[in-house]
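Q:
Number of protein chains: 2
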Amino acid sequence: MNTLQSISYPIYFSNTLNELANFVEQGNYSRFFVLTDENTGKHCLPLLRQHIDKLDNFDVIEINAGEESKNIDFCVGVWKMLIDFGADRQSLLINLGGGVISDLGGFAASTFKRGIDFVHVPTTLLSQVDASVGGKTGIDLDNIKNIIGTFTQPKAVFIEHDFLRTLPARQILSGLAEMLKHGLIADASYWNKLKFSDLENPSAELVHRSVEIKNDVVIEDPHEKGIRKSLNYGHTIGHAIETYSLVHDENPLTHGEAIAAGMICEAKLSVMKTGLSEAELDEITEVINGLYPKYKIDEKSYPTLYSIMQKDKKNQSGKINSSLLTKIGHCRIDNICTEDEIYEALRYYAEI
Amino acid sequence: MNTLQSISYPIYFSNTLNELANFVEQGNYSRFFVLTDENTGKHCLPLLRQHIDKLDNFDVIEINAGEESKNIDFCVGVWKMLIDFGADRQSLLINLGGGVISDLGGFAASTFKRGIDFVHVPTTLLSQVDASVGGKTGIDLDNIKNIIGTFTQPKAVFIEHDFLRTLPARQILSGLAEMLKHGLIADASYWNKLKFSDLENPSAELVHRSVEIKNDVVIEDPHEKGIRKSLNYGHTIGHAIETYSLVHDENPLTHGEAIAAGMICEAKLSVMKTGLSEAELDEITEVINGLYPKYKIDEKSYPTLYSIMQKDKKNQSGKINSSLLTKIGHCRIDNICTEDEIYEALRYYAEI
Chain A
2 MNTLQSISYP IYFSNTLNEL ANFVEQGNYS RFFVLTDENT GKHCLPLLRQ HIDKLDNFDV
62 IEINAGEESK NIDFCVGVWK MLIDFGADRQ SLLINLGGGV ISDLGGFAAS TFKRGIDFVH
122 VPTTLLSQVD ASVGGKTGID LDNIKNIIGT FTQPKAVFIE HDFLRTLPAR QILSGLAEML
182 KHGLIADASY WNKLKFSDLE NPSAELVHRS VEIKNDVVIE DPHEKGIRKS LNYGHTIGHA
242 IETYSLVHDE NPLTHGEAIA AGMICEAKLS VMKTGLSEAE LDEITEVING LYPKYKIDEK
302 SYPTLYSIMQ KDKKNQSGKI NSSLLTKIGH CRIDNICTED EIYEALRYYA EI
Chain B
2 MNTLQSISYP IYFSNTLNEL ANFVEQGNYS RFFVLTDENT GKHCLPLLRQ HIDKLDNFDV
62 IEINAGEESK NIDFCVGVWK MLIDFGADRQ SLLINLGGGV ISDLGGFAAS TFKRGIDFVH
122 VPTTLLSQVD ASVGGKTGID LDNIKNIIGT FTQPKAVFIE HDFLRTLPAR QILSGLAEML
182 KHGLIADASY WNKLKFSDLE NPSAELVHRS VEIKNDVVIE DPHEKGIRKS LNYGHTIGHA
242 IETYSLVHDE NPLTHGEAIA AGMICEAKLS VMKTGLSEAE LDEITEVING LYPKYKIDEK
302 SYPTLYSIMQ KDKKNQSGKI NSSLLTKIGH CRIDNICTED EIYEALRYYA EI
């Protein structure tokens, strides 16, 4: 599969660990650091070591797996370890893991000594099709996702399909939600292809097409002034559900599970506001509902969800701004939704 | 005095508070925040309020004065207040204060929601001639100055000479060190002019010329890949002395006092390594020594100073890289100094 070119860096899909070894050996780096969590440290790091064994200067920084680690305390921990290990400005940070690793590692690297180089080696489907491409780095604060961060591009991204083989089914489904989104906002034929694919094991070709769709959007609008907002489809309500679940549930929703619910809600909003047909709403609801467990939200919690949405960095002056579908494969950005409209969409989801 | 144009923003010197009022009223901002410390909150904020009283949406975030505030805890405090005040991406942060305010405020703004706009209103001589121009933001960590930060340009800088009138003499001297440095590295006639000026009350014209010199350098090399390193003259040893003093002294050196000592040491290094004449060394030593108190460093502390230098973000692989003078008004970057050479320079300073 062909290498994609992003804003200022390549995204490799074939022979990726050798490409990484080449990158590491040819770059003018003084030191190498790998950021992992306990899962990728165990399952993926040994493979990296095999491929880039020529390195003599290779320190590992490991954090706890999970969204709870994506905060300023862990970021300070990464900075302090970089200091203790003697990292200088010519150091490279290799982010080996899911979205938490790439978001946190990207943020830590983009601010350490005013910026050192970093690359992503995404190991989950979600991070392969979403977090690793686009130059967004970030951490959470006060339970607000990605509220602190930078726009900083990695120097390269290495997407190794083999890493997905060790993933539990729930993690695959989490990434799949973003792939479905890519079809819905930008490519109806890709959406149709997904519907009839083995979605428990998405092929490397499907992953490649998803990354290509996302990459085309972020190249056109790296700082999310316009068209990039289309990637937020499902995320206005979905992010709020995710945050709500993180606070209230012992076993919180994955990102994809929350976005799946958000996409159904926002398909309903799309019927109400941007001309999506009822038939398409039914189709979207049926496909997503067939894949993801239903999340129960009591109507009493709607105001809590709404106030989380108001704090979302995408919104201005407390108004809820969402990206909605005009039809499958087409998205319109900057739709202001009222509190009542949001509640109606949540009610639609509750009643399916 | 004419407005200077920096990389992507203007630096105003005349009628500055009215210029700020214009900027605030003409910009497309939803909300305004002013970052102050208890000194600028008391002495400078009332003036701002007088000039931009048309604002109805004006929240103040106050931190403690002093370098001790320039850390991640205060930064998290600023982020949380921005969240609590409901700051969105169209908000503007006005940094009203010295270098701590502009460095910390710039960092907090450049990372909040992946970057909101900020302007600097520097209120000390040091921040007027140094921190406010050049797009470096930063905080300290583990007693390492500016180890965490970004390169992010402000949207404008407003240099109001009247603010200097309330400054104690020691604060004026702190800024003066950077002005002397500007002459030494780039403009011998400016250095000569400074020698015969009233340096306890530097004129607005002298301040303007200093900013102009710094601005010319940073425009040429915003990310400090080359010529911008010349601004580090005096800072290799000076920063280490500053950090050392911050940890060891009850009443630590100001930045300028430390840089003054650093410039004498590095003038000695310049004789040893880059051809500065003994006569020029004597002249530099005499001028600086006549203005600044002598700082005593016991020879037993030299290894501590050296290890602080090794952690400085300017250095690679533990080697000490300094910017030295070839003659007054001319600087050469990228001179690797050995431990022995550093000690010899420190000894020279100790014996004057």
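Line by line, the protein sequences are chains A and B.
Per this note's numbering, the first sequence starts with residue 2, numbered consecutively.
Per this note's numbering, the second sequence starts with residue 2, numbered consecutively.
The beta-carbon is built from N, C-alpha and C at its ideal position, and this holds for glycine as well.
1) Kindly identify the DSSP beta-bridge partner or partners of Ile-95 of chain B.
2) Comparing C-alpha positions only, which one of A:Lys-156, A:Leu-127, A:Ile-289 sits nearest to His-209 of chain A?
3) Return the CA-CA distance between Val-219 of chain B and Ser-103 of chain B, expressed in angstroms with no decimal places.
4) Within the same chain, show all residues whose beta-carbon is closer than 8 Å to that of Glu-206 of chain A, passing over the 5 residues directly before and after it, in chain order.
5) Residue range of the alpha helix (DSSP H) that Cys-45 of chain B falls in?
6) Is the CB of Asn-40 of chain B under 8 Å away from at least one CB in chain A?
7) Among the residues of its own chain, which have a CB less than 7 Å from the CB of Ser-111 of chain A, if the five just before and after it don't count?
8) Confirm, please, whether the CB-CB distance from Phe-164 of chain B to Val-120 of chain B is below 8 Å.
9) When you compare the CB positions of Leu-326 of chain B and Leu-174 of chain B, do they come within less than 8 Å of one another, or not?
10) Terminal residues of the continuous alpha helix (DSSP H) containing Pro-169 of chain A?
11) Can you tell me the Cα-Cα spacing of Gly-78 of chain B and Asn-16 of chain A, whole angstroms?
12) In angstroms, rounded to a whole number, what distance separates the CA positions of Ser-70 of chain B and Tyr-245 of chain B?
13) If you draw a straight line from the alpha carbon of Leu-254 of chain A to that of Gln-91 of chain A, how long is it in whole angstroms?
14) Tell me, which residues are paired with Ile-62 of chain B by DSSP?
15) Hey, how far is the Cα of Leu-5 of chain A from the Cα of Leu-195 of chain A?
16) According to DSSP, is Tyr-13 of chain B helix, strand or coil?
17) Going by DSSP, what residue range makes up the beta strand (DSSP E) through Lys-146 of chain B?
18) Using the three-state DSSP reduction, which class does Leu-174 of chain B fall into: helix, strand or coil?
19) Taking Cβ to Cβ, would you say Leu-320 of chain A is nearer than 8 Å to Ile-337 of chain A?
20) Whole beta strand (DSSP E) runs in the segment 271 to 347 of chain A with 3 or more residues, listed along the chain?
21) Which ranges does the alpha helix (DSSP H) cover as unbroken runs of at least 4 residues, wholly within the segment 198 to 285 of chain A, from first to last along the chain?
22) For Ala-187 of chain A, which of A:His-331, A:Glu-213, A:Ala-22, A:Asn-19 has the nearest alpha-carbon?
23) If we call anything under 8 Å between Cβ atoms a contact, is Asn-40 of chain A one with Ala-22 of chain A?
24) Going straight from the alpha carbon of Tyr-303 of chain A to that of Ser-323 of chain A, what length do you get?
25) Determine, using beta carbons only, whether Lys-215 of chain B comes closer than 8 Å to chain A.
26) State yes or no: is the C-beta of Ser-92 of chain A nearer than 7 Å to some heavy atom of the ligand GDP?
27) Can you find the residues in the same chain that come closer than 6 Å, C-beta to C-beta, to Ser-211 of chain A, ignoring five residues on each side of it along the sequence?
28) Comparing the C-beta of Ser-302 of chain B with each C-beta of chain A, is any distance below 8 Å?
29) Can the beta-carbon of Lys-215 of chain B be found closer than 8 Å to that of Gly-135 of chain B?
30) Closer than 8 Å, CB to CB, is Ser-9 of chain B near chain A or not?
31) Taking Val-77 of chain B as the query, report the chain A residues whose CB atoms sit under 8 Å from its CB, ordered along the chain.
32) With DSSP run on the structure shown, which of helix, strand or coil describes Ile-140 of chain A?
33) Could you tell me whether any Cβ in chain A is nearer than 8 Å to the Cβ of Gly-227 of chain B?
34) Verify whether the separation of the beta carbon atoms of Pro-123 of chain B and Gly-107 of chain B is less than 8 Å.
35) Is there a Cβ from chain A that is less than 8 Å from the Cβ of Gln-317 of chain B?
36) Between Phe-59 of chain B and the rest of its own chain, which residues show a CB-CB distance below 6 Å, the 5 nearest in sequence each way excluded?
A: So, to answer that:
1) As a first step, residue 95 of chain B is located in the second sequence; it is residue number 94 there, counting from the start. Paired residue(s): B:Val-35, B:Val-120.
2) What you label residue 209 of chain A is simply residue 208 of the first sequence in a count that begins at 1. Per the Cα distances, A:Leu-127.
3) For the purposes of this step, residue 219 of chain B is taken as the residue at position 218 of the second sequence. For the purposes of this step, residue 103 of chain B is taken as the residue at position 102 of the second sequence. Cα atoms of Val-219 of chain B and Ser-103 of chain B: separation of roughly 17 Å, rounded to the nearest angstrom.
4) Here the question's residue 206 of chain A lines up with position 205 in the first sequence. Excluding positions up to five away in sequence, the list reads Met-2.
5) Sequence index remark: in the second sequence, residue 45 of chain B carries index 44 (1-based). Neither: Cys-45 of chain B is in no alpha helix (DSSP H) and is coded neither H nor E.
6) On the second sequence, position 39 is the one that residue 40 of chain B refers to. At a cut-off of 8 Å between C-beta atoms, Asn-40 of chain B does not count as an interface residue with respect to chain A.
7) Taking the first residue of the first sequence as position 1, residue 111 of chain A is located at position 110. If we look at Ser-111 of chain A and ignore the five residues flanking it on each side, its Cβ neighbours are Thr-138, Thr-151, Thr-153.
8) As a first step, residue 120 of chain B is located in the second sequence; it is residue number 119 there, counting from the start. As a first step, residue 164 of chain B is located in the second sequence; it is residue number 163 there, counting from the start. No. Outside cutoff.
9) Taking the first residue of the second sequence as 1, we reach residue 326 of chain B at position 325. Taking the first residue of the second sequence as 1, we reach residue 174 of chain B at position 173. With respect to the 8 Å criterion, Leu-326 of chain B and Leu-174 of chain B are not classified as neighbours on the basis of their beta carbons.
10) Residue mapping note: residue 169 of chain A aligns to position 168 of the first sequence, counting from 1. First-last for Pro-169 of chain A: undefined, no H or E at that position.
11) For the purposes of this step, residue 78 of chain B is identified with residue 77 of the second sequence, where counting begins at 1. For the purposes of this step, residue 16 of chain A is identified with residue 15 of the first sequence, where counting begins at 1. Roughly 45 Å separates the two Cα atoms.
12) Along the second sequence, read from residue 1 onward, the residue named residue 70 of chain B stands at position 69. Along the second sequence, read from residue 1 onward, the residue named residue 245 of chain B stands at position 244. Ser-70 of chain B and Tyr-245 of chain B have their C-alpha atoms spaced approximately 17 Å apart.
13) Looking up residue 254 of chain A in the first sequence gives position 253. Looking up residue 91 of chain A in the first sequence gives position 90. Our two residues, Leu-254 of chain A and Gln-91 of chain A, have alpha carbons roughly 39 Å apart in a direct line.
14) As a first step, residue 62 of chain B is located in the second sequence; it is residue number 61 there, counting from the start. The partner list for Ile-62 of chain B (beta bridge, DSSP) reads B:Leu-36.
15) As a working note, residue 5 of chain A is residue 4 in the first sequence. As a working note, residue 195 of chain A is residue 194 in the first sequence. The straight-line gap from Cα to Cα measures roughly 21 Å.
16) Taking the first residue of the second sequence as 1, we reach residue 13 of chain B at position 12. Strand, per DSSP.
17) On the second sequence, position 145 is the one that residue 146 of chain B refers to. Unbroken beta strand (DSSP E) run through Lys-146 of chain B: 145 to 149.
18) Counting from 1 along the second sequence, the entry for residue 174 of chain B is found at position 173. Note: Leu-174 of chain B maps to helix in three-state DSSP.
19) Taking the first sequence and counting its residues from 1, the one referred to as residue 320 of chain A is at position 319. Taking the first sequence and counting its residues from 1, the one referred to as residue 337 of chain A is at position 336. In the sequence as displayed, the identity of residue 320 of chain A is Lys instead of Leu. A distance below 8 Å separates the beta carbons of Lys-320 of chain A and Ile-337 of chain A.
20) The qualifying runs are 321 to 328, 331 to 338.
21) Secondary structure within the segment 198 to 285 of chain A: the alpha helix (DSSP H) runs of 4 or more consecutive residues, fully enclosed, are 205 to 221, 236 to 249, 256 to 274 (chain order).
22) Looking up residue 187 of chain A in the first sequence gives position 186. When only C-alpha atoms are compared, the closest one is A:His-331.
23) Taking the first sequence and counting its residues from 1, one reaches residue 40 of chain A at position 39. Taking the first sequence and counting its residues from 1, one reaches residue 22 of chain A at position 21. No, the pair does not count as a contact, with Cβ atoms beyond the cut-off.
24) Along the first sequence, one-based indexing puts residue 303 of chain A at 302. Along the first sequence, one-based indexing puts residue 323 of chain A at 322. Going from the Cα of Tyr-303 of chain A to the Cα of Ser-323 of chain A covers about 17 Å.
25) For the purposes of this step, residue 215 of chain B is taken as the residue at position 214 of the second sequence. No, because no Cβ of chain A sits closer than 8 Å to the Cβ of Lys-215 of chain B.
26) With respect to the ligand GDP, the structure offers nothing, as it holds no ligand at all.
27) The residue you call residue 211 of chain A lines up with position 210 of the first sequence. Sequence-distant Cβ neighbours of Ser-211 of chain A in its own chain, meaning closer than 6 Å and more than five residues away, are Val-130, Met-180, His-183.
28) One-based indexing of the second sequence puts residue 302 of chain B at position 301. Interface criterion not met: the Cβ of Ser-302 of chain B is under 8 Å from no Cβ in chain A.
29) Here residue 215 of chain B refers to the residue found at position 214 when the second sequence is read from its first residue. Here residue 135 of chain B refers to the residue found at position 134 when the second sequence is read from its first residue. Yes, the Cβ-Cβ distance between Lys-215 of chain B and Gly-135 of chain B is below 8 Å.
30) One-based indexing of the second sequence puts residue 9 of chain B at position 8. Not flagged as an interface residue toward chain A: Ser-9 of chain B, since no C-beta distance is shorter than 8 Å.
31) As a working note, residue 77 of chain B is residue 76 in the second sequence. Near Val-77 of chain B (Cβ distances below 8 Å), the residues of chain A are Ile-73, Leu-142.
32) Your numbering for residue 140 of chain A matches position 139 in the first sequence. Taken through DSSP and simplified to helix, strand or coil, Ile-140 of chain A comes out as strand.
33) To locate residue 227 of chain B, count along the second sequence from 1; it is residue 226. Using a Cβ-Cβ cut-off of 8 Å, Gly-227 of chain B does not count as an interface residue toward chain A, since no Cβ of chain A sits closer than that to its own.
34) Within the second sequence, residue 123 of chain B is the residue found at index 122, counting from 1. Within the second sequence, residue 107 of chain B is the residue found at index 106, counting from 1. No; because the gap between Cβ atoms is not below 8 Å, this pair is not in contact.
35) Translated into the one-based positions of the second sequence, residue 317 of chain B becomes position 316. Output row for Gln-317 of chain B: interface = yes.
36) As a first step, residue 59 of chain B must be located in the second sequence, where it is residue number 58. So the qualifying residues of the chain are Phe-33.
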